[in-house]
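The next block holds one structure in the form of C-alpha cells; read it before the comments.
Residue numbers (the working numbering): 229 to 489.
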C-alpha cells in the first residue's frame, strides 16, 4: 500500500516532523547543560600570573579568576593561544560554579561548559586553521622524570613554582611564563606581560601531575633559556620551536558581563 502526502495533510505531517525535530534538539541541549550554574565577574582581579584556576569534578566545575580565553580553551580542549579574539579576553576575570545533577564524563562537562558560555556570555565563535609560530612541549630523549598522581593525592613539593594539572594546562602555564621579559635586576620579581607564543602539548603524557620547579631570574637570561634548562633537568621535557598550521577557535563576539543567574 502506497501513501501520498498532499494538501493540508502534508502540511500537518511536515509541521509535526518539525516539532518533533525541535523537541529532539531541545532534549539534546538540556542534556548538555548544567542543572545549576553561577557566573559572575570576580570581585578582585589577580592578573595573568595567577588567574585561570579551574577545578573539574565528576559533577561539575569551579573557576576562580578565570578569563574568558581560559574558559573557551577548556570548553573546546585547545591551548590558550589557540583562542583568537579581543584583548579583553585576557583581562576580565570570572568566578563560576556549575553543577550537573549526576556524575558525568569530562567530555560531557566540556559540552555543558560550551552551553554555559553560549547562554551566559552570548558567545559566538568559529573554527579556523592559521599559520602560527609555536613551541611544542615534548618528552626529552632520556624520557620523562615525572609521574602522574591520583586524584586527591597530596604531593610534598619543594620551593619554587608549584604546578598541578594536566600537561595541556602546563603548556598554557609555560606560555605565560615565556612572556616574562629578561630580568635587568634578578632581585626584583618579574611579571608576565610580553607577547605570548602558543605552547602546544605534544608529550603524550596523560593524567594529573603535581610538581614544583625552582626558576630564578638570572641577569641576561630570558625565560626560554631558564625554562629549557629546568624542563630537561627537573622534568625530562623540552620545548621545540616550529611554525605551522594550527587549529584555532576565533571569538566572533561575546558579552564582557555574563547574564544574571
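The C-beta atom is built at its ideal place from N, Cα and C for all residues, glycine as well.
Item to check | Residue span of the alpha helix (DSSP H) that contains residue 343, given as start and end | outcome: The residue you call residue 343 lines up with position 115 of the chain shown. Unbroken alpha helix (DSSP H) run through residue 343: 334 to 348.
Checklist entry - In the DSSP assignment, what are the bridge partners of residue 466? => result Here residue 466 corresponds to residue number 238 of the chain shown, with the count starting at 1. Partner(s): 366.
Next on the checklist: When you compare the CB positions of residue 308 and residue 407, do they come within less than 8 angstroms of one another, or not?
Outcome noted: Here residue 308 refers to the residue found at position 80 of the chain shown. Here residue 407 refers to the residue found at position 179 of the chain shown. Residue 407 is positioned such that its CB atom lies no closer than 8 angstroms to that of residue 308.
Checklist entry - Are the CB atoms of residue 435 and residue 410 nearer to each other than 8 angstroms? => result Along the chain shown, read from residue 1 onward, the residue named residue 435 stands at position 207. Along the chain shown, read from residue 1 onward, the residue named residue 410 stands at position 182. Not in contact: residue 435 and residue 410 (Cβ atoms no closer than 8 angstroms).
Checklist entry - Hey, out of 300, 463, 375, 348, whose CA is closest to residue 365's CA? => result Taking the chain shown and counting its residues from 1, one reaches residue 365 at position 137. With distances taken between Cα atoms, residue 365 lies closest to 463.
Checklist entry - Where residue 367 and residue 489 are concerned, what is the direct C-alpha to C-alpha distance, given to the nearest angstrom? => result Counting from 1 along the chain shown, the entry for residue 367 is found at position 139. Counting from 1 along the chain shown, the entry for residue 489 is found at position 261. C-alpha of residue 367 to C-alpha of residue 489: approximately 43 angstroms in a straight line.
Checklist entry - Are the segment 424 to 434 and the segment 327 to 342 touching by the rule of at least three beta carbon pairs closer than 8 angstroms? => result Result no; under three Cβ-Cβ pairs closer than 8 angstroms.
Checklist entry - If we ignore side chains and look at the alpha-carbon of each, how far apart do residue 405 and residue 263 end up? => result Here residue 405 corresponds to residue number 177 of the chain shown, with the count starting at 1. Here residue 263 corresponds to residue number 35 of the chain shown, with the count starting at 1. When rounded, the separation of the alpha-carbon atoms in residue 405 and residue 263 is 36 angstroms.
Next on the checklist: Which residue wins for smallest C-alpha separation from residue 376, given the options 432, 442, 270, 354?
Outcome noted: As a working mapping, residue 376 is identified with position 148 in the chain shown. With distances taken between CA atoms, residue 376 lies nearest to 432 out of 432, 442, 270, 354.
Checklist entry - When the Cα of residue 306 is compared with those of 456, 342, 481, which residue comes out closest? => result As a first step, residue 306 is located in the chain shown; it is residue number 78 there, counting from the start. Residue 306 has its Cα closest to that of 342, out of 456, 342, 481.
Checklist entry - Per DSSP, what kind of secondary structure is residue 262 in: helix, strand or coil? => result Reading the chain shown from its first residue, position 34 is the one you call residue 262. In this structure, residue 262 counts as coil in the three-state DSSP scheme.
Next on the checklist: Looking only at its chain, what residues have a beta carbon closer than 6 angstroms to the beta carbon of residue 348, apart from the 5 residues adjacent to it on each side?
Outcome noted: Looking up residue 348 in the chain shown gives position 120. Closer than 6 angstroms at Cβ, skipping near neighbours: 267, 486, 487.
Checklist entry - Roughly how many angstroms separate the alpha carbons of residue 478 and residue 388, rounded to a whole number? => result As a position in the chain shown, residue 478 is number 250, starting the count at 1. As a position in the chain shown, residue 388 is number 160, starting the count at 1. Each residue's Cα considered, the two are about 35 angstroms apart.
Next on the checklist: Can you list, in chain order, the residues of its chain with a C-beta nearer than 7 angstroms to that of residue 459? Leave out the 5 residues immediately preceding and following it.
Outcome noted: Here residue 459 refers to the residue found at position 231 of the chain shown. For residue 459, same chain residues with a beta-carbon under 7 angstroms away, outside a window of 5 residues either side, are 465, 466, 467 in chain order.
Checklist entry - Under a three-way DSSP split, which group does residue 356 fall into? => result Locating residue 356 in the chain shown gives position 128, where the first residue counts as 1. Secondary structure at residue 356: strand, using DSSP grouped into helix, strand and coil.
Item to check | Unbroken beta strand (DSSP E) run spanning residue 440, endpoints | outcome: By one-based count along the chain shown, residue 440 stands at place 212. In this chain, the beta strand (DSSP E) harbouring residue 440 covers 437 to 441.
Checklist entry - Is any beta-carbon of chain D found at less than 8 angstroms from that of residue 450? => result The structure shown contains no chain D; it holds only a single protein chain.
Checklist entry - Should residue 281 and residue 357 be called a contact, given that it needs their Cβ atoms to be closer than 8 angstroms? => result Numbered from 1 along the chain shown, position 53 holds the residue referred to as residue 281. Numbered from 1 along the chain shown, position 129 holds the residue referred to as residue 357. No Cβ-Cβ contact shorter than 8 angstroms links residue 281 with residue 357.
Item to check | Within the segment 291 to 339, ranges of the alpha helix (DSSP H) (whole runs, at least 4 residues) | outcome: Complete alpha helix (DSSP H) runs here, min 4: 296 to 304.
Next on the checklist: I'd like the list of long-range same chain contacts for residue 291, defined as Cβ closer than 6 angstroms, with 5 residues on each side in sequence excluded.
Outcome noted: Your numbering for residue 291 matches position 63 in the chain shown. For residue 291, where only same-chain residues beyond five positions count, the Cβ hits under 6 angstroms are 282, 324.
Next on the checklist: Quick check on residue 484: buried or exposed, where buried means 16 or more other Cβ atoms within 10 Å of its Cβ?
Outcome noted: The residue given as residue 484 occupies position 256 in the chain shown. With fewer than 16 other Cβ atoms within 10 Å, it is exposed.
Checklist entry - Hey, out of 475, 481, 339, 272, whose CA is closest to residue 326's CA? => result In the chain shown, the residue the question calls residue 326 occupies position 98. Considering only alpha carbons, the answer is 339.
Checklist entry - According to DSSP, which residues form a beta bridge with residue 471? => result On the chain shown, residue 471 is found 243 positions in, with the first residue counted as 1. Answer is 361, bridged to residue 471.
Checklist entry - When the Cα atoms are used, what is the spatial distance from residue 315 to residue 297? => result Translated into the one-based positions of the chain shown, residue 315 becomes position 87. Translated into the one-based positions of the chain shown, residue 297 becomes position 69. Near 10 angstroms, if we compare the C-alpha coordinates of residue 297 and residue 315.
Item to check | Inter-residue spacing [alpha-carbon to alpha-carbon] between residue 350 and residue 286 | outcome: Position 122 of the chain shown holds residue 350. Position 58 of the chain shown holds residue 286. Between residue 350 and residue 286, the C-alpha separation is close to 26 angstroms.
Checklist entry - Going by Cα to Cα distance, which pick from 322, 317, 303 is closest to residue 272? => result To locate residue 272, count along the chain shown from 1; it is residue 44. Nearest neighbour of residue 272 by Cα position, chosen from 322, 317, 303, turns out to be 322.
Next on the checklist: Buried or exposed for residue 289, going by 16 or more other Cβ atoms inside 10 Å?
Outcome noted: Locating residue 289 in the chain shown gives position 61, where the first residue counts as 1. A buried status is given to residue 289, since no fewer than 16 other beta-carbon atoms sit within 10 Å of its beta-carbon.
Item to check | Contacting residues, own chain, Cβ-Cβ under 7 angstroms from residue 370 (five flanking each side not counted) | outcome: Within the chain shown, residue 370 is the residue found at index 142, counting from 1. Same-chain partners within the cutoff: 464.
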